[in-house]
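Written out below as structure tokens is the structure these notes cover.
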Amino acid sequence: MSLLGFEPRGVVAFFSDFGVRDHYVGVVKGRILKELEEWDGHSLEIKFIDITHEIPPQDVRKGALLLKFSYKYFPKGTIFLGIVDPGVGTERRALLIATPKYFFVGPDNGLFTFVLREQEPCYAYEIDVKKVIKFPYSSTFHGRDLFAPVVAKLLLREKIETFAKPIKKEKLVYLDFPYPLKIEEGFRLSIWYVDHFGNLITNFSKELADKPFEVWVNNKRVRLVSTYAEGREGEIVSLFGSEGLLEIAIKNGSAFEVLGYPEIEIRYSKGL
Amino acid sequence: MSLLGFEPRGVVAFFSDFGVRDHYVGVVKGRILKELEEWDGHSLEIKFIDITHEIPPQDVRKGALLLKFSYKYFPKGTIFLGIVDPGVGTERRALLIATPKYFFVGPDNGLFTFVLREQEPCYAYEIDVKKVIKFPYSSTFHGRDLFAPVVAKLLLREKIETFAKPIKKEKLVYLDFPYPLKIEEGFRLSIWYVDHFGNLITNFSKELADKPFEVWVNNKRVRLVSTYAEGREGEIVSLFGSEGLLEIAIKNGSAFEVLGYPEIEIRYSKGL
Amino acid sequence: MSLLGFEPRGVVAFFSDFGVRDHYVGVVKGRILKELEEWDGHSLEIKFIDITHEIPPQDVRKGALLLKFSYKYFPKGTIFLGIVDPGVGTERRALLIATPKYFFVGPDNGLFTFVLREQEPCYAYEIDVKKVIKFPYSSTFHGRDLFAPVVAKLLLREKIETFAKPIKKEKLVYLDFPYPLKIEEGFRLSIWYVDHFGNLITNFSKELADKPFEVWVNNKRVRLVSTYAEGREGEIVSLFGSEGLLEIAIKNGSAFEVLGYPEIEIRYSKGL
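These protein sequence lines are chains R, F and X, in that order.
Per my numbering, residue 1350 is the first one in the first sequence, and the count goes up by one each step.
Per my numbering, residue 1350 is the first one in the second sequence, and the count goes up by one each step.
Per my numbering, residue 1350 is the first one in the third sequence, and the count goes up by one each step.
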């Protein structure tokens, strides 16, 4: 910790596939507070911010994207607790990642792919389960019995080396999020994420656009606008959304309902 | 602010149509805390209370009603952040409303109709986007890039006049929530809101009932009771609900599932 | 309170059937803070933890189970506010339960069945509605008008005896959660709870297993594993879950979708 030269603040940003129908989310938070119980009473300075708990069950890719879209907007010292963990109870590693600004806690299954790629420096640690878990514990709910105590240890400013050991980043699990496919006259895009409004968020970022281009959806050209509202009622439009990625949208409607997962291409504009 | 003679407390009550599946809600909160980062460390005294984020996409009317049903129950100094914003990125105004008890932040599209009508005194300000937004910013996510920083400014007790200018309330956008329609022997009601339990909340308030009346649903008289439980299993009943408005309900069931949007009338009782 | 020798901390763990679409949850929290408004400004030390608000409407049994699965993981002093209240506004009692570790506030309809059975000592109080409720109030929203003020009184360390009177635990309402049915060669189980992942949580706990046994689902034997991931894709397995209860699960799938509510039996293993 001293290595990184900063002390964690009390913000815990939590995302998972636990859903909000069961007790899992509340119990993880309760457990973090309970771990701090015998501390000096300052545990109430901790602030939990839920990113979302409605990641589809076991959808690690979606979790990785949501984290990418979120973490840079949080204050220095935020601890991100991410639990989408189909391998819970198996040999999969439990991870702690530390950067000069943030901590990340969760399973080693690719959930932190973007963080590992985007943050430099970025230190990875394998959590020593035996030094954290108290018996009896559950092999199916590591959120409560393993990751919650780790978050508490960070909040209590325990030295990371006492419960985790450094691991080379190259050894970790990464998910593949490919760049847009280069085609003759431009790019073929993938849809990375469909949001609650039905907007289709692609893998094409502003930076890739080095010359004038057009956006084609299912072989029809669509307008590139700068706000959702610019479209006409029912018109399919494209725009660069809040993450700098190209989105396909419909004004006051759901592009996903109308289009599903359409073919989307970037085609360079032809000179006149 | 000094104008109003009070200092804001740290409660931020947040409602939106963002849903809870995506990262939007968490990111807005993260951004508010991040804005306070360089402050004196007291940012952790801020308490976020979610009213709901499940307003149907772009349903400004429902947002206005939810705020009406909620705001009076919050403590003095609460900052209400309301984002249902189909016009995001267009010329629609960004609003700040200040009353002696509360602040309200969000788009000028009618979301604050009831507040503007019910609170006196009530000061409206147009937010100067250029003085708030930092570049680069998104034209599709003003919750994160415009409204979150405004909330932070209020929490930091910055003078409103440094980032917003007064605007006459008459210039603002209002939604029309009409009174019940007067008919020969009473009123024809509108359904304003259907809640999670399937209760149909109408626009008929206790105060309008100046003489004895009966409640008729689809041309059948229903009983006026005082608690949901008073009904018999499956019986359609009416009662004045928690907001003082007449509701149609079914004991242990959903009136909405059984009736949809029925015709509801108030008919004055006839003397014998 | 002094009777119990501890002071409540500021954690309020809240669960209900209010859903997250309406304003009810936010308003209850707002009201608690508002009640503390004239206090000394420390109300911001209160931390709300939502367990869930998606208990199916009026499903008191599910509420009781969720509380059982949750409360032991919270820190000392936590106030549990539980509102699943089909009898709101009727003569049903309003309850306050105090143990050396926790407080519980809500209707007397069985919601606290497990707490009353598991916690010793455990003191029950009937809330004196007239000493708590302020006029005007709603007979349909006791969460806001009755239970929220009671939570505030606990946070303000008011003497319980000033707003509630002791009541014998035997007089309270209990729900029946029967043990597994003894059959000739083992037990026939009930399904207590289906979680968000589709896992079927039964009423068979580890402690009941005094000799080697097999798990049979719809008359087919299934493997007893120790983690969800141990199953093969699509295999029905059984395991002791995070609450120590036997669960039926499918790797990366939903047992509930495949099986609904199957017949589940424990059969003692036969010697060779």
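Yeah, the Cβ is synthetic: ideal placement off N, Cα and C, and Gly gets one too.
With at least 16 other beta carbons inside 10 angstroms of its own, residue 1403(X) counts as buried. CA-to-CA, the gap between residue 1595(F) and residue 1528(F) works out to about 13 Å. Neighbours of residue 1369(F) in chain R, taken as residues whose beta carbon is under 9 Å from its own, are 1369, 1399, 1401, 1402, 1403, 1545 in chain order. It is roughly 49 Å from the alpha-carbon of residue 1362(R) to the alpha-carbon of residue 1614(F).
Residues 1603, 1604, 1605, 1606 of the same chain have their beta carbon placed closer than 6 Å to that of residue 1547(F), with the five preceding and five following residues left out of the count. Look at residue 1375(R) here: in three-state DSSP terms it is helix.
If you draw a 10 Å sphere on the C-beta of residue 1383(X), you find 16 or more other C-beta atoms in it, and that means buried.
Here residue 1583(X) is exposed, its C-beta having fewer than 16 other C-beta atoms within 10 Å. According to DSSP, residue 1429(X) shares a beta bridge with 1362(X), 1453(X).
Counted as a single uninterrupted DSSP element, the stretch harbouring residue 1413(F) is not any beta strand (DSSP E) but the alpha helix (DSSP H) occupying residues 1409 to 1419. Apart from the 5 residues on each side of it in sequence, residue 1498(F) sits with its Cβ closer than 6 Å to the Cβ of 1384, 1481 in its chain, given in chain order. Within a 10 Å sphere around the beta-carbon of residue 1456(R) sit 16 or more other beta-carbons, which makes this residue buried. DSSP lists no bridge partner for residue 1497(X). The alpha carbon of residue 1438(X) has as its nearest neighbour, out of 1459(F), 1600(F), 1608(F), 1617(F), the alpha carbon of 1600(F). Between residue 1431(F) and residue 1396(F), the C-beta spacing is not below 7 Å. The C-beta of residue 1365(R) comes no closer than 7 Å to any C-beta of chain X.
By the Cβ-count criterion, residue 1525(F) is exposed, with fewer than 16 other Cβ atoms from all chains shown falling within 10 Å of its own Cβ. Along the stretch 1484 to 1497 of chain F, the positions whose C-beta sits under 7 Å from a C-beta of chain R are 1487, 1488, 1489, 1490, 1493, read in chain order. The Cβ of residue 1376(R) sits closer than 7 Å to at least one Cβ of chain X.
Counting only Cβ-Cβ distances below 8 Å, residue 1468(X) has no contacts in chain F at all, with the closest Cβ about 29 Å away. Our two residues, residue 1448(F) and residue 1365(X), have alpha carbons roughly 32 Å apart in a direct line. Within chain F, the residues whose beta carbon sits less than 8 Å from that of residue 1424(R) are 1379, 1382, 1383, 1385, 1386, 1392, listed in sequence order. Taking 7 Å as the CB threshold, residue 1418(X) lines the interface with chain R. Counting along the chain, residue 1517(F) sits inside no beta strand (DSSP E), nor does DSSP assign it H or E at all. Here residue 1556(F) is exposed: its Cβ has fewer than 16 other Cβ atoms, across all protein chains shown, within 10 Å. For residue 1475(R), the secondary structure class from DSSP, reduced to helix, strand or coil, is strand. The bridge partners DSSP lists for residue 1565(R) are 1570(R), 1614(R).
For a cut-off of 8 Å, the C-beta gap from residue 1420(R) to residue 1429(R) is around 6 Å, short enough to register as a contact. Residue pairing of residue 1396(R) in beta bridges, as defined by DSSP: 1360(R).
Residues of chain X with a Cβ closer than 9 Å to the Cβ of residue 1609(F) do not exist; the shortest Cβ-Cβ separation is about 18 Å. Put simply, the backbone Cα of residue 1515(F) is about 29 Å away from that of residue 1374(F). Cβ-Cβ distances below 7 Å link residue 1417(R) to 1463 in the same chain, with the five nearest sequence neighbours on each side left out; the list follows chain order. Taking 8 Å as the upper bound for CB-CB distance, residue 1617(X) and residue 1560(X) are in contact here, some 6 Å apart.
Judged by DSSP in its simplified three-state form, residue 1404(X) adopts coil rather than helix or strand. At a cut-off of 7 Å, the C-beta of residue 1601(F) has a neighbouring C-beta in chain X. Relative to the Cα of residue 1492(R), the nearest Cα in the group 1508(R), 1587(R), 1470(R), 1434(R) belongs to 1434(R).
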